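Residue numbers (this note's numbering): 53 to 188. Okay, structure first, notes after.
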Amino acid sequence: MVDFTGGCLCGVIRYKVSGDIIRTANCHCDDCRKATGSAFATNVFVAADDITVTHGTLKSYNHIADSGNAMTKEFCGDCGSQIFGFGAARPGVKNVKAGSIDDASFVKPEVNLFLAHAIPFTKIDREIDCFDGMPK
Ligand SMILES: [Zn+2]
Ligand SMILES: [Zn+2]
């Protein structure tokens, strides 16, 4: 059980989460890299019901992942910060972008995904489970 707060760069979007962390993954896939503008995304998965947006209204963008699954990214329409993501493959679950969390010191990635797509300069934590793609 964790309680944390977060938000976007400009402060319009604020949220709080109260619940259990389902899983935390570093994702090196092309979609996560493009969406975040960073080398990889650290995605903290929680139950969608455990998230409360306390300020602002998220914009959303829908796309189809390589897997063929419909995915949605939620972000601040003013400053562009990525906040949440979710996919049709995992109903009721959303991922919180770790970089949007105010104090992310509790975040412990458990797995690296899509390492086949990692940018060569990325220093990979090999102490955790590593997959070239998405494990079945
Ligand atoms: Zn913003
Ligand atoms: Zn990804």
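Even glycine gets a Cβ: it sits at the ideal position worked out from N, Cα and C. The model shown is predicted, which means the values in this text are computed figures rather than measured ones.
From which residue to which residue does the alpha helix (DSSP H) around residue i run?
i   : result
D82 : 82-88
With a cut-off of 8 Å on the beta carbons, I'd call residue i and residue j a contact; round off their distance for me.
i    : j    : result
G58  : I153 : 4 Å
T106 : K68  : 6 Å
For residue i, which three-state DSSP category applies?
i    : result
L110 : coil
A170 : coil
S70  : strand
F158 : helix
A122 : strand
A117 : coil
I176 : coil
Is the closest heavy atom of ligand 3 to the C-beta of residue i under 8 Å?
i    : result
S133 : Ligand 3 is not among the ligands present in this structure, which contains only ligand 1 and ligand 2.
Determine, using beta carbons only, whether residue i and residue j come nearer to each other than 9 Å.
i    : j    : result
V54  : N95  : no
A99  : I74  : yes
K146 : F158 : no
T109 : G129 : yes
C131 : C62  : yes
F166 : G185 : yes
A91  : I171 : yes
Pull up the DSSP beta-bridge partners for residue i, would you.
i    : result
I153 : G58
A93  : C79
D181 : V163
K146 : V98
Following the continuous beta strand (DSSP E) through residue i, name the residue where it begins and the one where it ends.
i    : result
R142 : Looking at the DSSP string, R142 is not in any beta strand (DSSP E), and its letter there is neither H nor E.
N164 : 163-165
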